[in-house]
Amino acid sequence: MFNKIVIFFLGACIGLLGFFSPGALFLLIAVGFTCLALRHYTHGRQRVFLISVFLIAFCIRLIVSLTLDLSALAIFPSAAMREVKNPIPADDDYQNLIKENTRTFFKIGDSDYSSARGYMYAAAARGMDNKVIRHYLDPTSSYGVNGYLYVIGMFYFLFGYSPITVKFLNCYFGAVAVIFIYLLGRNYNEIAARIACFFMIFFPSLILWSTTDLKDTSTMLASVLLVYSITLIMRKITLSSLLLMIFALLMQFFLTKRDLWFLSLISLFLVFFTGIFFNLSQRQKTRLCVSVILIALPLVSLTHIFDNAVITRMHKLFIHHIGNVHTQGISYRVLDESYYHDPDSIYEMPTQKLITSSIMAVIHFLLEPFPSRFLHKNFIVVWPQMIFWYSLIPSIFLGIILLLRNCMQKSLPVFIYTFLTTCSIAIGSGNVGTVFRHRDYVTQFYLLFAAIGISNCFKAKEGKRENEVVF
Numbered sequence: 005m006f007n008k009i010v011i012f013f014l015g016a017c018i019g020l021l022g023f024f025s026p027g028a029l030f031l032l033i034a035v036g037f038t039c040l041a042l043r044h045y046t047h048g049r050q051r052v053f054l055i056s057v058f059l060i061a062f063c064i065r066l067i068v069s070l071t072l073d074l075s076a077l078a079i080f081p082s083a084a085m086r087e088v089k090n091p092i093p094a095d096d097d098y099q100n101l102i103k104e105n106t107r108t109f110f111k112i113g114d115s116d117y118s119s120a121r122g123y124m125y126a127a128a129a130r131g132m133d134n135k136v137i138r139h140y141l142d143p144t145s146s147y148g149v150n151g152y153l154y155v156i157g158m159f160y161f162l163f164g165y166s167p168i169t170v171k172f173l174n175c176y177f178g179a180v181a182v183i184f185i186y187l188l189g190r191n192y193n194e195i196a197a198r199i200a201c202f203f204m205i206f207f208p209s210l211i212l213w214s215t216t217d218l219k220d221t222s223t224m225l226a227s228v229l230l231v232y233s234i235t236l237i238m239r240k241i242t243l244s245s246l247l248l249m250i251f252a253l254l255m256q257f258f259l260t261k262r263d264l265w266f267l268s269l270i271s272l273f274l275v276f277f278t279g280i281f282f283n284l285s286q287r288q289k290t291r292l293c294v295s296v297i298l299i300a301l302p303l304v305s306l307t308h309i310f311d312n313a314v315i316t317r318m319h320k321l322f323i324h325h326i327g328n329v330h331t332q333g334i335s336y337r338v339l340d341e342s343y344y345h346d347p348d349s350i351y352e353m354p355t356q357k358l359i360t361s362s363i364m365a366v367i368h369f370l371l372e373p374f375p376s377r378f379l380h381k382n383f384i385v386v387w388p389q390m391i392f393w394y395s396l397i398p399s400i401f402l403g404i405i406l407l408l409r410n411c412m413q414k415s416l417p418v419f420i421y422t423f424l425t426t427c428s429i430a431i432g433s434g435n436v437g438t439v440f441r442h443r444d445y446v447t448q449f450y451l452l453f454a455a456i457g458i459s460n461c462f463k464a465k466e467g468k469r470e471n472e473v474v475f
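Remember, our numbering sits 4 above the position in the sequence shown when you count from 1.
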């Protein structure tokens with residue numbers, strides 16, 4: 005009898021939720037199917053652990069998202085969320101179509117912009133046509149075009165303008181990423197995988213991006229899926245692992261700029277080449293190295309492939325760096341002052357200077373905001389996270405050393421992808437707030453390295469593996 009009453013009330017709650025917020029009901033169903041998938045594909049204690057961490061991660065992000073929205077609406081009068089049904093477009097301002105400033109109140113205005121831009125796509129799909137919509141539908145005339153805007157637009161098109169509920173999408177993606185960072189970490193150390201899960205669940209900035217309309221969380225999830233799928237393929241090529249890799253690549257291509265997608269393809273090539281190299285005999289390795297050198301040297305000398313593919317790319321990234329230095333907010337510089345006055349001179353920068361400036365850029369990428377900035381009003385809220393981040397750095401380096409020493413071949417996907425992505429984003433960055441945000445594209449991998457180092461410090465032994473998980 006008690007079970008029937010519980011089922012009745014649950015059904016009534018779900019019905020009310022579907023009536024008042026179809027989008028929330030859709031995400032609730034997605035959460036339910038994810039739990040069923042975990043129940044089907046995992047076994048024993050691992051099943052309980054994964055379902056628990058997924059639900060905890062999702063609920064934390066959901067609560068934080070609702071708290072931020074309701075706090076902004078209660079404190080900040082102009083944060084009111086409403087749809088302007090019949091706008092009179094006086095200028096090219098998206099505020100003529102919607103009124104939404106819930107994240108601008110917390111200095112994350114790009115989230116409100118993403119919601120507004122997604123609404124443009126939904127409005128256009130419904131047949132609305134005016135000056136504002138035409139302006140924002142043009143991908144060449146507006147700032148910040150990315151694939152996640154279309155996800156928001158599709159959500160608004162299917163479920164109506166629901167600016168609170170649409171943020172739950174990233175809450176879900178952030179919770180799914182926790183599952184896959186565990187599955188990735190389990191290839192190296194069971195205890196480390198669980199520690200990495202714990203870090204992912206409670207790391208403040210990862211929670212924050214999961215409560216916005218930004219593409220960061222879904223991009224981070226795509227990165228984890230890609231690295232995990234490559235790890236599976238290196239162990240055994242299966243249809244499911246190949247499909248997962250293709251899905252991750254398509255997801256990344258859809259969400260991000262082509263440069264990051266091309267970087268993923270380079271990572272794939274390097275991983276598979278080095279993976280094949282490790283499986284060869286010593287004689288075969290020698291022959292392969294000699295063959296590659298004999299083929300590469302003439303090509304490099306004749307066509308300057310290295311110069312065009314690497315050096316020129318670094319020059320362009322430093323041009324992006326100079327552009328970011330001049331954006332709003334606090335910036336940092338890694339080049340000589342003369343390059344900022346004459347950006348074209350970057351193309352004549354000596355190789356040695358390129359390398360030293362790149363190292364400085366990576367240091368800023370990993371450590372910004374520096375302790376000297378903690379008292380600045382824009383960064384005073386992040387110093388607890390940064391202190392924790394700085395405390396993890398020794399463990400990160402220890403984890404990297406342990407992986408290189410004990411299981412280099414298995415760790416190639418995460419190493420190569422993390423290294424290339426870190427260098428690419430670091431060199432092109434120059435704004436402290438932006439680099440703090442973009443660092444979280446790879447933070448999950450650094451947290452995994454730290455977890456491996458911490459598990460070794462406590463002399464934790466890798467437990468006996470349970471049945472393999474196959475997705």
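Just so you know, even glycine gets a beta-carbon here, dropped at the ideal spot from N, CA and C.
What separation, rounded to the nearest whole angstrom, lies between the Cα atoms of residue i and residue j?
i    : j    : result
P398 : F30  : 43 Å
V149 : S56  : 36 Å
L42  : R317 : 42 Å
F161 : L153 : 12 Å
I60  : I205 : 8 Å
S415 : F184 : 15 Å
Y45  : G157 : 33 Å
F419 : F177 : 23 Å
R130 : K171 : 22 Å
I241 : Y232 : 13 Å
G27  : R337 : 44 Å
R443 : S69  : 21 Å
F238 : T360 : In the sequence as presented, Phe is not what sits at residue 238; that position holds Met. Cα to Cα, the separation comes out at about 34 Å.
A76  : H324 : 34 Å
K320 : Q356 : 16 Å
L306 : I431 : Low confidence applies here, because L306 scores a pLDDT of 48, under 50, leaving its location unreliable; read the following figure in that light. In a straight line, the C-alpha of L306 is about 28 Å away from that of I431.
A127 : T438 : 30 Å
L212 : Q413 : 34 Å
T108 : N460 : 42 Å
G113 : F392 : 26 Å
S115 : A454 : 30 Å
I79  : R65  : 21 Å
L371 : M390 : 8 Å
K111 : K103 : 17 Å
I250 : Q256 : 10 Å
F62  : T38  : 11 Å
Which partner residues of residue i appear in the DSSP bridge assignment?
i    : result
N435 : S335
Please report the residue range of the alpha helix (DSSP H) in which residue i lies.
i    : result
I234 : D220 to R239
S245 : L243 to L259
S118 : G113 to A129
I326 : T316 to V329
R409 : W387 to N410
Y450 : T447 to C461
I211 : P208 to W213
L370 : T355 to L371
Helix, strand or coil: which one does DSSP assign to residue i?
i    : result
P81  : helix
I168 : coil
D73  : helix
T422 : helix
Y343 : helix
N150 : coil
Y192 : coil
D142 : coil
R43  : helix
D217 : coil
L379 : coil
S25  : coil
D444 : helix
I183 : helix
R107 : coil
I384 : coil
F163 : helix
D133 : coil
At the 8 Å Cβ level, is residue i part of the contact set with chain D, yes or no?
i    : result
D217 : Checking the listed chains, one finds no chain D in this structure; it contains a single protein chain.
> Given 8 Å as the limit, is there contact between the region 350-359 and the region 447-454, that is, 3 or more CB pairs closer than that?
Replying inline: Note that the region 350-359 does not touch the region 447-454; fewer than 3 beta-carbon pairs, one per stretch, sit closer than 8 Å.
> When the Cβ atoms of the region 397-412 are set against those of the region 220-234, are three or more pairs found closer than 8 Å?
Replying inline: No, the region 397-412 does not touch the region 220-234.
> Does the region 74-86 come within contact of the region 177-192, defined as at least 3 CB pairs closer than 8 Å?
Replying inline: Segments in contact, no.
>> For the region 421-438 against the region 225-243, do three or more pairs of beta-carbon atoms, one drawn from each stretch, fall closer than 8 Å, so that the two count as touching?
In response: The way I'd put it, the region 421-438 does touch the region 225-243; three or more beta-carbon pairs between them come closer than 8 Å.
> Between the region 363-370 and the region 378-387, do at least 3 Cβ pairs fall closer than 8 Å?
Replying inline: No: the two stretches stay apart, fewer than three of their Cβ pairs being nearer than 8 Å.
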